[in-house]
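Structure first, commentary second.
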Amino acid sequence: MIQINDGISKLNQAMGFGGYIHNFKNYVIRNDKVILDELGNDILMFDSAIKQLLVLFTEPDEHNAINTLRETIHQYQLNLATLKQSRNNLSVSQRDKLVQVDDSDALDAMSLLTKRTFELNKSHNQVTQVAFNHMVLWLLSGGFLLLFIIIFALSLLKAIHKLKTVYIDLAKALEQSDLLIAHAPDAMVSISEEGVIVRSNEQMFCLFGYEKNELLHKNITFLLPDDAKGGHHLHVNSYFNSPSCRVMGGGNEGKPLFGKHKNGQLIPVEISLSSSVISGKRISTATIRDISLRVEAEDKLKVAVKLAEFNYTKLQQAQSSLNEKQMFNLMLNKLPLCTLLLNEDAEVLLVNDTLLIETGFDQQEIKKLAFDQYIKANESEYCAVLHELKNKKQINPNEMLTFLGTLTTKQEVMIPVEISISSYSYNRQVYRLLSLKNLSDIKVIEDKLVNSVERFTRIISAIEDGIWEWDLVNNTVDYSPQFMKIIGCENETTPQFSHWFEHIHPDYRNKVHETMAAHFASKDKYEVEYLGLNHSGEYNWFFSIGNSIFNDDNEAVMMSGSLRNIHHRKLLETAFAEKSQFLTTIYEGSSHAIWVLNVEANNEFRFSAFNRTACRRIGVTEQDVINKTITELMPSIFEDQDPAYFINHYTDCVKSGQDKDYIEYIDIDNEERWYQTSLYPIKDANGQVIKVVGTAIDISEQKRSEKDLEEHKLFLEKMIDSAVCGLYVYNLPRQKNVLINTRHTEILGYSMDELNNHADFISLFHPDDYSRVLAHTKKVAKSKDGELSSLKFRFKSKEGAWVCCYLFSCIIKYDADNKPLLMLGTFVDITEITLLMDQLQESNEYLERFAFVASHDLQEPLRKITAFSTSLANRLETEIQNDSTIEFEFSRLINASERMRDMIKDLLKLSRISSSGLELKTYYLSDILKQSIDLLSHSIEEKQVEFELMDTKNKLQVDQGLLVQLFQNLISNSIKFKVADIAPKIKISSEILDGNLVITYKDNGIGIAAKFVEQIFEPFRRLHSKDKYTGSGIGLALCRQIVTVHGGVIECSQDVKYGAEFIITIPLVAN
């Protein structure tokens, strides 16, 4: 228990207010190395106590508390090492910050260990009480257990021995504690939980004037000042939360705590508290230290610091690193100012080295002189001040006087100086500090400054830029006259920030604000372009640039810069950018290869530019070519090309100084390429060609086209000369042929010269055809471009025979006034065809007459055969009915005569169908179909035919009777060739296509085999026997003839799954 209490006591002493915190604060205030050594001893004692407690305490939370204490002392050790190493390099605030170690966790750990100590003390007391009670019980027991009692007595004696040992240790601890308190350097007093004094030492008498018997059993509050007694009871309980290091009675705000002396005097004290348990009672022991001297020293130090800070702000508390006197002397000697320290009697107490150096006096000499013997004021007002100072008159201590004067040296040289006088009180003494600033160089500096300001003013007036400065702290601005002028505010007398900001275009104010905010955040240079009003009230482009001065908190305090109207430059930049973009687009987007070469010595040329088209043409990248000479490129790109071929062209351009154009052939990757190359020289100021710009147009296609054109020309000439038609090109204004082909000469026998030079060219046309030839020529001259006109005429050949020609003419070229220039004519010799056509016409007319006569003559005997056969059948009706052979033969005879009659009728119809006899009118297809269906209505109803008509409202120009006949034949065939037991279904639709009406006719009959789709249109062609299907076999032939005479076509579809399908194409307008 003694070891535990001793360890806890050491911890309380180390962590208490008289321990680390006290020593650290003393060091900060006094800057005394001895304090650091004492602090090191305290730390070693604390570390030793921790090691001892690690053995005595065994619980995990106790070990955690001890480790927390060890971590805290480790932090104190680090701070101590830092203070020792940097003691002279740290300011008061830095030292104060360094010693502020967070020891709250350590104090909590101390509370836990102290609490466990109280519990251990209480446990030992309980053990002792139990042992004593047992002893009494055993003594009262019966003697019949004497042996057992003796044994128990021995045990009891052993326990009593242990108890005695504990009491002895406790007594020693109390004795040592009393001895420690009695010999402690500080006043110490212990109080009970009721606040009653139970123990004190002799130092209490020294501190408070009370004898020991005057203090015992008194309440501790009688030692407190009257103003602290009222709230003391609120803090008594906290005194027993050992260990505790706190000020009492309201000293928590940095103010000292006072104790009350017997004579009533208040003494500044520093108190540390610790609590313990003695004989089962909790007491709190206070260590009280008189800090009167420290408080007085602190007050004096504060006065000295304030004085030093007031007079020497530029040194920024450097004096705090030395003691007061050393620092004061150091400052005086190191100041660039001449400094004197006067007492209240105006005697010179101290002068710095600077004054001695400036005047040439030594310390003894200058102290013997009155200060006004070598210090004079320039103005009478301040001469009176110096006089009053010499006569001990008071000067306001809060006022600093500054005025101009002179300092006289030992050699009686007068130095212009600036004199500053300030007063302060120290230790109830008034001191005056005179500082003199040598102004010998000020005049030179002033002259230079004036010249600099004048030069700067001239520069500002001469430049076009406006200069501005913005005080962000006071929110004031300073603008140069040029600035006010360019923003249109030259008439304003007081510059305002709003003058500039309101001249900015509203659309750009956010941009300017964001740029300025970014500058304040990044500290980069402020640059922004914006639109703003100029002096004429028009929006121009402006460029503002500036920078800022920042304080220690990184806040901008001053910003300055310039403003320039860059509207003209902006317009030029825009124009230049557009032109550059335009030229770049041309350069990179051109389909022409473009390159630039620098002219070098020895007829060498180096590439400096090579556009994409040029790279693509030769299959390289720009990097492959740039900065390489022609000679360097030849082996890799133009393997089979001689560099001299290219160099010679460039050399000619450089020597002549003129543009050079030429066509060149280059073989790249076995591909023939032709280029139209142009070289343009670029000259320097001396007229020397320094660069050559080259362009190349790929004319390979043109070359191939020229070659193809030549081949086509030869081919065309050959084709024209080999044509079966005669061909000529006639110049209408000149009335001359400019071209005739070989066939023209073969047909008519004339060469072109013979025709052009014929004396009477008109006479070569047949007299009956001349007027038609002339009308044809006029018609062609008025026709549209490419429109053909035809003509039949007769022309006299060179042998004198009339050649019948069929001609097609058109205009193929017009002059600049869009008048016909060249007429193309192609003709064929139709002399033989004309003769054959005449013969054919005669033959057709003969055949028509023959067919009519033949059909008429054949029908007459056929009618007689039919009539006699019918009459004979009627008279022999009985015999015929009784004889099947006669009945069969008569029926065969009558059927054959009827088929013969139908064939003659159809043949007559076929012969009469021709284009010359058509009666053409415009009809709806639906009307024609309706007539055809009506004519076959009986058969249609009988066979239950279904019709599906679609898009039949189209018009067409036809012979109505023939078209009705066409559909009658098709519908009749559909009824005749129907599938057994299935009602016929006919679908008819139409559509207009390329000026024709295309009619689709489809049924669901037996259909037509693909191999017969052409044969079915032949006259009398039958695909089935006459016994199975009746008819003459001429129906579809009539259909084809009807469609043909209308200029159309009828076809039978091959790819039909069932039934038959016919496609009929008839022009909407008959030719």
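Numbering (full-length UniProt numbering) for the sequence shown: 1 to 1071.
Glycine is no exception: its CB is placed at the ideal position from the N, C-alpha and C atoms.
- Going along the chain, which residues of its own chain have a beta-carbon closer than 7 Å to the beta-carbon of S932, five neighbours each way excluded? V964, F967, Q968, I971
- Item | CB-CB length for residue 1104 against V724, believed under 8 Å | No statement about residue 1104 is possible, as the shown extent of the chain runs from 1 to 1071 and does not include it.
- Message: So T695 and A556 are supposed to be a Cβ contact under 8 Å. How far apart are they, rounded?
- Response: With a Cβ gap of about 57 Å, T695 and A556 do not count as contacting.
- Query: Are three or more beta carbon pairs between the region 516-533 and the region 425-442 nearer than 8 Å?
  - Reply: no
- Item | Contact between the region 775-788 and the region 682-696 (3+ Cβ pairs under 8 Å) | no
- Item | Given 8 Å, three or more beta-carbon pairs between the region 407-423 and the region 433-450 | yes
- Which of the three DSSP states, helix, strand or coil, is assigned to S789? strand
- Item | Limits of the unbroken beta strand (DSSP E) element including P416 | 414-426
- Query: Assuming F361 contacts K410 under a Cβ cut-off of 8 Å, what Cβ separation, rounded to an integer in Å, is found between them?
  - Reply: 5 Å
- Message: Rounding to the nearest angstrom, what Cα-Cα distance links F497 and D553 in this structure?
- Response: 24 Å
- When you compare only the Cα positions, how much space is there between E358 and E347? 20 Å
- Message: Which residue marks the beginning of the beta strand (DSSP E) containing T922, and which one marks its end?
- Response: 920-924
- Task: Out of F610, K796, T777, state which residue places its alpha-carbon closest to the alpha-carbon of T621.
- Result: F610
- Message: Within 10 Å of its beta-carbon, does I833 have 16 or more other beta-carbons around it, so buried, or fewer, so exposed?
- Response: exposed
- Message: Taking 8 Å as the threshold (C-beta atoms), are V196 and N219 in contact?
- Response: yes
- From the DSSP output, which residues share a beta bridge with D1003? I986
- Query: Are T221 and H232 closer than 8 Å when you measure CB to CB?
  - Reply: yes
- Could you work out which residue in L840, R616, I486, E604 is closest to S591 when comparing CA atoms only? R616
- Task: List the residues that DSSP assigns as beta-bridge partners of S276.
- Result: I283
- Distance between beta carbons of K943 and K978, contact taken as under 8 Å: 7 Å
- Task: Can you tell me which of the three DSSP states T409 falls into?
- Result: coil
- Task: Please determine if the region 599-609 and the region 567-578 are in contact, where contact requires at least 3 C-beta pairs separated by less than 8 Å.
- Result: no
- Item | Whole-angstrom C-beta distance between F208 and G259, which should lie under 8 Å | 6 Å
- Considering K376, what are the terminal residues of the beta strand (DSSP E) in which it resides? 375-377
- Message: Residues in the same chain with beta-carbon distance under 6 Å from A988, minus the five sequence neighbours each way, listed in chain order, please.
- Response: The sequence shown places Ile at residue 988, rather than the Ala named in the question. These residues qualify, in order along the chain: L949, Y1001.
- Message: Here's the rule: buried if 16 or more other CB atoms are within 10 angstroms of the residue's CB, otherwise exposed. What is residue 1075?
- Response: Only positions 1 to 1071 of the chain appear in the structure, and residue 1075 is not among them; the question remains open.
- Leaving out the 5 sequence neighbours to the left and right, which residues in its chain are closer than 6 Å to Y662 when beta-carbon positions are compared? T677
- Beta-carbon proximity check, L273 vs Y239, cutoff 8 Å: yes
- Message: On the CB-based measure, 16 or more other CB atoms within 10 Å of its CB, does C206 come out buried or exposed?
- Response: exposed
- Give the DSSP-derived three-state secondary structure of E347 in the structure shown. coil
- Item | For S789 and C810, believed in contact at Cβ under 8 Å, the rounded distance | 7 Å
- If you count every other CB in all the chains shown that lies within 10 Å of the CB of E1061, and 16 or more means buried, which is it? buried
- Item | Sufficient close CB pairs (3 or more, under 8 Å) joining the region 748-758 to the region 700-714 | no
- Message: Please classify P820 as buried or exposed, where buried requires at least 16 other C-beta atoms within 10 Å of its C-beta.
- Response: buried
- Message: Within the continuous beta strand (DSSP E) that includes S544, where are the two ends?
- Response: 539-550
- Contact between the region 532-540 and the region 501-518: three or more CB pairs below 8 Å? yes
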